[in-house]
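Peer 1:
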Amino acid sequence: MSKSLFEKIWEKHIVKTIDGGPSVLYIDKHLIHEVTSPQAFAGLNKRGIKVFRPKQIVATADHNVPTIDQDLPIKEELSRLQVDALIKNCAEYGIELYGLGHPFQGIVHVIGPELGITQPGMTIVCGDSHTSTHGAFGNIAFGIGTSEVEMVMATQCLLQSKPKLMRINVDGTLNKGVVSKDIILYIISLISASGATGYAVEFAGSAIRSLSMEARMTICNMSIEMGARCGMIAPDETTFNYMKGRLFAPKENEWNEKVSYWKTLFSDDDAIFDKEININAADIEPMITYGTNPGMGIGISKHIPALNEITEKEKPYFEKSLHYMDLQPGANIIGKKVDYVFIGSCTNSRIEDLRMVASFVKGKKKADNVQVWVVPGSKQVEKQAIEEGINKIFEEAGFNLRQPGCSACLGMNEDKIPAGKYCISTSNRNFEGRQGPNARTMLASPLTAAAAAITGEVSDVRELL
Amino acid sequence: MSKAINIIQSSVVPLNTENVDTDQIIPARFLKATTRDGFGENLFRDWRYESDGQPKKDFVLNDPTYHGKILVAAKNFGCGSSREHAAWAIKDYGFDVVVSSFFADIFKGNALNNFLLPVTVSDAFLQKIFDAVNKDSSAQIIVNLQAQTITIEATGEQESFDINNYKKTCMLNGYDDIDYLLSINKDIEAFELKHDH
């Protein structure tokens, strides 16, 4: 019987299925961080049980770590206590921790792939919704709550109902200045912030196949922003070339065996999807969001929807959003002054993102009215950026290259956008207050963010290339 | 206190806003605790309070007209971050049920794991609840988990809601998933022997 990529992996991980209920799904890898794990450890402690398979868990500190002076003790007391709790818990339960100061530390969804921990065919979970990122390697990866973190720690399993299946095919060639972030912002603007809720989404088509692993990760990362349970892309030579030689990737004979298996991980020709969407890559232009959820995006040359383009039912939410953003219905977005540019987050903080920005800004200077923060996704990305001289390019442009962490994506540490200010951000959420109370976020690609950094306003990067 | 839930009858707090994301329910800067307690204080923090800590008069939680154990919200409730703190905050504030026409997946799972019952109703029924509360702020809603029904007391209008049998049993009896998973430890170990990961 023909099967989809999702079904091939799902079925291999079912321990048993409860009659009329969910299945017991076995989890291969569990990634943890300081914010969503302490209550799970406390739960184990209260029950008097140990971590069942500590070797299948990897920990890092990313969400609330400072992005300057990481060699000094964390100043903010609550953040420090949370990071200290992770250190203590990992030591007590025998879990590998790549904490502050470790050469592998970084955003959990950046370090998994770059260390070769993330592999095709696996089930991967983490107490973070952007766990969908890992699906770029052809696995089932999804975010979970803290009670579920505790379940996986206790039993290496979760109770899950099988989601519906959706495939999104993006075919054709991307236009100049259009990158993977634009593809996913375009898709979400088409199907809305809840358009894939209840579905596992496979991304396919020639435009997806042509993307690097970094670019594929950006797409799967934002699957959750349309509500998807997970996002995934079938592994191929691009995947294997990226993985080969990475620290925890299989070696020698085991590598060959794994690759033969991974090559079977694709959706069969007549696999059945509950929903299928076809997109022409040529229709996509650089994207930007104007509202307060990631579905409120437009092509950069377009105008913000006018009131007569919005249904009566959607009007209250639309008006609330625009009021928060202090933007006018029907207005153009190009030319809007910006105050901050944030290049970072699990969506766009990998070496390729930094290279893309550096090649655009080389020899240019930032506009006086903008502050630019570049936050690499990991210590390894930071190290490589320095080796390649990218740090010098940023310095000459007046960009502030900081140390790895989630940073201004969610404003848990000091990196907050001040109230009322506009930030073009390469992160994943433009929710009210996401980057700081009353901060105004416009999501865009690293290229579009870099363009705004140079001009000081929302700009069409295609005219600057 | 038993965690079990069966019949909840209460007035409701209406929050007629779509796409309420978990950053609104509990902003990230309040996620620094290492226990599960006390998040209710900061429920809807930035909608509920000015930056100086003064309550915003026009936000529904600050309106003494509305109170109760049932929160009623517009579609796509709980989207965004997987933070379970959102479910903890709603439960800690005193709600036992959230009613919406559409829930985000992860939030729904988190709610169920904390004995906060998510009840999905049709758009039309959701509107009827909002209308009933508009007419009478103390309008009673009855949620019967055993029967899987939600009823507007004043008009007798009723709708059925879905919940999978396993989760229903858990909610009715106060069981959690960990108890179950621990009980099948032998099956998990047997699975591991034949599973290559």
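Listed in order, the protein sequences are those of chains A and B.
When the first sequence is numbered by my numbering, its final residue is 465 and no position is left out of the sequence of numbers.
When the second sequence is numbered by my numbering, its final residue is 1197 and no position is left out of the sequence of numbers.
Glycine included, C-beta positions come from ideal geometry on N, C-alpha and C.
1) Does the region 425-432 of chain A come close enough to the region 219-236 of chain A to have 3 or more Cβ pairs within less than 8 Å?
2) By the 10 Å Cβ neighbour count, where 16 or more other Cβ atoms means buried, how is residue 410 of chain A classified, buried or exposed?
3) For residue 78 of chain A, which residues in chain B fall below 7 Å Cβ to Cβ?
4) In the DSSP output, what is residue 444 of chain A paired with across the bridge?
5) Taking only runs of the alpha helix (DSSP H) that begin and end inside the region 1071-1099 of chain B, which ones reach a length of at least 4 residues, in chain order?
6) May I ask you to list, following chain order, the residues of the region 1178-1195 of chain B that have a beta carbon less than 8 Å from some beta carbon of chain A?
7) Where residue 1001 of chain B and residue 1069 of chain B are concerned, what is the direct C-alpha to C-alpha distance, given to the nearest angstrom?
8) Between the region 108-125 of chain A and the region 242-260 of chain A, do at least 3 Cβ pairs fall closer than 8 Å?
9) Beta-carbon within less than 6 Å of residue 1010 of chain B's beta-carbon, same chain only, minus the 5 sequence neighbours each way: which residues are those?
10) Which stretch, first to last residue, makes up the beta strand (DSSP E) that contains residue 157 of chain A?
11) Can you tell me whether residue 1168 of chain B is buried or exposed, with buried defined as 16 or more other CB within 10 angstroms of its CB?
12) Check the Cβ-Cβ distances between residue 108 of chain A and every residue of chain B, and say whether any is below 8 Å.
13) Quick one: give me the first and last residue of the beta strand (DSSP E) that residue 25 of chain A is part of.
14) What in chain B is Cβ-close to residue 402 of chain A, meaning under 7 Å?
15) Scan the region 1155-1188 of chain B and note each continuous beta strand (DSSP E) run of 3 residues or more that stays entirely inside, going in chain order.
16) Quick one: is residue 415 of chain A buried, meaning 16 or more other Cβ sit within 10 Å of its Cβ, or exposed?
17) Return helix, strand or coil for residue 7 of chain A, following the three-state DSSP convention.
18) Using the beta-carbon of each residue, which ones in chain A are nearer than 9 Å to residue 1035 of chain B?
19) Measure from the alpha carbon of residue 1004 of chain B to the alpha carbon of each residue in B:1099, B:1116 and B:1104, then state which is nearest.
20) Which whole-angstrom value describes the C-beta separation of residue 1195 of chain B and residue 26 of chain A, a residue pair presumed to lie in contact below a C-beta threshold of 8 Å?
21) When DSSP labels each residue in this structure, what does residue 108 of chain A get in the three-state scheme?
22) Taking a Cβ distance cut-off of 8 Å, strictly less, list which residues of the region 417-449 of chain A are near chain B, in chain order.
23) Would you list, in sequence order, the uninterrupted beta strand (DSSP E) runs of no fewer than 3 residues that lie entirely inside the region 343-402 of chain A?
24) Please classify residue 1001 of chain B: does DSSP put it in a helix, a strand, or coil?
25) Candidates A:445, A:436, A:462 and A:443: which alpha carbon is nearest residue 1027 of chain B's?
26) Does the region 360-373 of chain A come close enough to the region 449-457 of chain A that 3 or more CB-CB pairs lie under 8 Å?
27) Helix, strand or coil, according to DSSP, for residue 179 of chain A in the structure here?
28) Where does residue 98 of chain A fall in DSSP's three states?
29) Please report the straight-line C-alpha distance between residue 1144 of chain B and residue 274 of chain A, rounded to a whole angstrom.
Peer 2: Reading from the atomic positions:
1) yes
2) buried
3) 1032
4) A:288
5) 1085-1093
6) 1178, 1180, 1181, 1182, 1184, 1185, 1187, 1188, 1191, 1192 and 1195
7) Legend: pLDDT at residue 1001 of chain B = 42, less than 50; position of this residue unreliable, no value from coordinates given.
8) Yes, the region 108-125 of chain A touches the region 242-260 of chain A.
9) 1068, 1069 and 1070
10) 157-160
11) buried
12) no
13) 23-26
14) Per Cβ cutoff of 7 Å: no residues; residue 402 of chain A is ~18 Å from chain B at best.
15) 1158-1160
16) buried
17) helix
18) 38, 39 and 42
19) B:1116
20) 6 Å
21) helix
22) 419, 429, 431, 432, 433, 434, 437 and 438
23) 371-374
24) Residue placement at residue 1001 of chain B is poorly supported in this model, since its pLDDT is 42, which falls under 50; the coordinates are not used for a value here.
25) A:436
26) Touching, yes.
27) coil
28) strand
29) 32 Å
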